[in-house]
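All letters in the sequence shown, in the order written, are residues 17 to 475 by this note's numbering.
For reference, the structure is listed below as structure tokens.
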Amino acid sequence: MSTTASMMELALPRSGSSSGAAGTWAGHVRILTLVRLAIPFFLVGNLGRIPMLAVAEKDAPILLNDVVVVALVVGSLIVCLRRRSLVIDRPAGLAFAFMGVASVALLTTTAEYNFSALELAFSAAYLLRWATYFGIYLVVLNFVAGSDQEVVWRQIEWAVLIFAAFGIFQSAFLPGFAQMVYPDSVIGMDWDYQGRRLVSTFLDPNFAGGLIAIVLLVVLARIGYGAKVAMWKPSVLLLALGLTLSRSSALAFVVGLVVIVVARGLSRRMIRVLIGSAVLTLPVLPFVITYAVSLNKFTIDESALTRVVAWLTALEVFGNHPLIGVGFNSYGLVIREYGYDVAGNSSFGADGGLLFIAVTTGLVGLCLYLAMLGAIVKRCRQTWRNATNSPENRGIALGAVAATAAVLVHSVFVNSIVYPLILEPLWILWALTHRVDGRMGEERAGDVEHRRPRLVAVT
């Protein structure tokens with residue numbers, strides 16, 4: 017028997033009287049509302065940073081968005097416990113296994129390098145944050161029905177459109193925005209001076225470009241399948257992407273666009289939208305090119321060479337810890353033992369995307385991570401190839417795969433693959449692809465209350 021979907025539903029033993037379907041449905045509505053309310057908070061980005069731990073001149077602040085995500089995940093977990101049901105699909109199971117490997121690797125590295133309790137807590141905070149943002153995937157999986165999928169997507173789309181629009185304003189009128197927000201920051205140590213590059217609320221043009229590219233690719237994929245999309249939306253996103261002057265974001269977008277074209281082809285409507293968007297952005301193109309030339313964006317500059325050094329460093333560490341890596345994320349502390357400088361905000365990251373996954377969790381963790389992505393891609397492919405699905409749903413499925421490919425390429429140059437403000441829309445998008453096929457979409461609220469405790473595999 018061929019398996020088209022795989023999901024496990026854990027129904028825990030109940031005690032006492034049931035709250036009934038109505039109570040569970042009320043919980044469903046509350047959590048869905050919380051999801052919709054939580055999404056706009058990632059717009060705050062790095063404007064809301066709460067200082068916490070600091071090790072080796074590296075801060076580990078808590079973002080306002082982190083607090084919102086924790087509240088959402090904890091609230092959803094409480095509802096799951098009350099209704100005695102938690103849905104875990106194959107990608108989620110692989111994510112749990114990945115976190116297990118990362119935890120074991122962190123403890124092993126702590127013993128090997130004699131980390132202090134503070135250093136262990138500092139490193140574990142990164143894994144805890146990754147796990148928390150993964151919790152959003154479970155929230156959407158358990159509480160967003162197929163009929164709610166479009167509502168959640170629209171919330172993400174509008175949030176990023178606002179992000180892009182503010183970024184365009186910031187690029188024109190607020191140069192050096194990071195230094196305006198944090199006047200006491202050290203240039204090159206805390207925030208680079210970006211001039212008129214679009215950084216929006218992320219305060220970083222590369223991460224801002226990565227977020228914009230994700231949503232732009234989904235919008236184009238939906239257009240490719242005939243979904244109704246206003247032309248001004250891709251135009252705003254394309255202009256914002258260009259104003260980041262981010263080579264990694266531009267390359268990521270091109271790779272994602274190639275994925276869409278290979279899978280769907282170029283429809284006439286998509287061609288018209290791309291040409292129309294390009295025409296609308298022509299007035300600012302001379303400024304963008306001139307400014308990019310002044311920043312050496314068409315040459316191999318110092319930032320490009322710095323990334324090569326970072327890749328070589330990561331490969332050296334990986335060569336010494338190939339099985340389960342050095343733990344997520346003790347990388348900055350480990351390279352200190354190799355004699356490398358660990359100062360600055362980027363010291364605990366290793367540009368290289370999957371290379372960073374490999375160096376922190378080894379070949380075992382990398383295989384689990386790739387298996388997780390593979391399960392998502394397989395599910396999406398089944399959805400976009402199914403002609404009975406709506407154009408909107410098929411577009412989200414193809415857009416999710418294009419966005420995944422884009423982020424993998426993007427993270428080769430900046431570590432967006434583990435950046436929380438990129439992870440949030442990605443996890444939501446990946447979870448929505450489970451909802452689009454409708455296999456379990458409408459069965460959320462009251463039905464599970466009437467089942468006996470069991471563990472069910474749905475195929």
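Heads up, the beta-carbon is just placed ideally off N, CA and C, and yes, glycines get one too.
Remember, predicted model here, so these are calculated numbers, not experimental data.
Check: Among Ala237, Leu255 and Gly242, which residue has its Cα nearest to the Cα of Val274?; Outcome: Ala237
Check: Bridge partners for Leu79 per DSSP, in chain order?; Outcome: Arg65
Check: Mind checking Asn336: buried by the 16 CB within 10 Å criterion, or exposed?; Outcome: exposed
Check: Taking only three categories from DSSP, how would you classify Ile203?; Outcome: strand
Check: Buried or exposed for Arg99, please, with buried defined as at least 16 other CB atoms from any protein chain shown within 10 angstroms of its CB.; Outcome: buried
Check: Below 6 Å CB to CB, which residues in the same chain sit around Phe179 once its five sequence neighbours on both sides are set aside?; Outcome: Leu59 and Ser216
Check: For Leu227, tell me which candidate among Arg145, Ala422, Trp446 and Leu157 has the shortest Cα-Cα distance.; Outcome: Ala422
Check: Can you tell me whether DSSP reads Arg213 as helix, strand or coil?; Outcome: coil
Check: Please say whether Gly242 and Arg285 have beta carbons closer to each other than 8 Å?; Outcome: yes
Check: Could you give the DSSP three-state label for Val342: helix, strand or coil?; Outcome: coil
Check: In this structure, does DSSP put Phe334 in helix, strand or coil?; Outcome: helix
Check: Measuring only the C-alpha atoms, how far is His44 from Tyr385?; Outcome: Because His44 sits at a pLDDT of 49, beneath the cut-off of 50, its placement in the model cannot be relied upon, and the following sentence gives the value as read from the coordinates. Whole-angstrom Cα-Cα distance: 30 Å.
Check: Please classify Thr404 as buried or exposed, where buried requires at least 16 neighbouring CB atoms within 10 angstroms.; Outcome: exposed
Check: Determine the contact status of Trp338 and Arg145, defining contact as a CB-CB distance below 8 Å.; Outcome: For the sequence presented, residue 338 should be read as Pro rather than Trp. No.
Check: Give me the residue from Gly381, Gly183 and Leu414 with the minimum Cα distance to Gly258.; Outcome: Gly183
Check: Taking Cβ to Cβ, would you say Gly378 is nearer than 8 Å to Ala140?; Outcome: no
Check: Does the region 396 to 412 come close enough to the region 240 to 254 to have 3 or more Cβ pairs within less than 8 Å?; Outcome: yes
Check: Taking all protein chains shown into account, do 16 or more other C-beta atoms lie within 10 angstroms of the C-beta of Ser264, making it buried, or fewer, making it exposed?; Outcome: buried
Check: Skipping 5 residues on each side, what residues in its chain have a beta carbon closer than 7 Å to that of Ser283?; Outcome: Gly240
Check: Among Leu63, Ile172 and Leu93, which one has its Cα closest to the Cα of Leu79?; Outcome: Leu63
Check: Quick one: what does DSSP say Gly240 is sitting in, helix, strand or coil?; Outcome: helix
Check: Nearest-angstrom Cα distance between Ile172 and Glu128?; Outcome: 43 Å
Check: Could you name the residues of the same chain whose beta carbon sits closer than 6 Å to that of Ala175, not counting the 5 residues immediately before and after it, in chain order?; Outcome: Ile55, Pro56 and Leu59
Check: Rounded to the nearest angstrom, what separates Ala161 and Leu424 at their Cα positions?; Outcome: 28 Å
Check: Does the separation of the CB atoms of Phe429 and Arg323 fall below 8 Å?; Outcome: yes
Check: Compute the Euclidean distance between the alpha carbons of Arg52 and Ala147, then round it to the nearest angstrom.; Outcome: 20 Å
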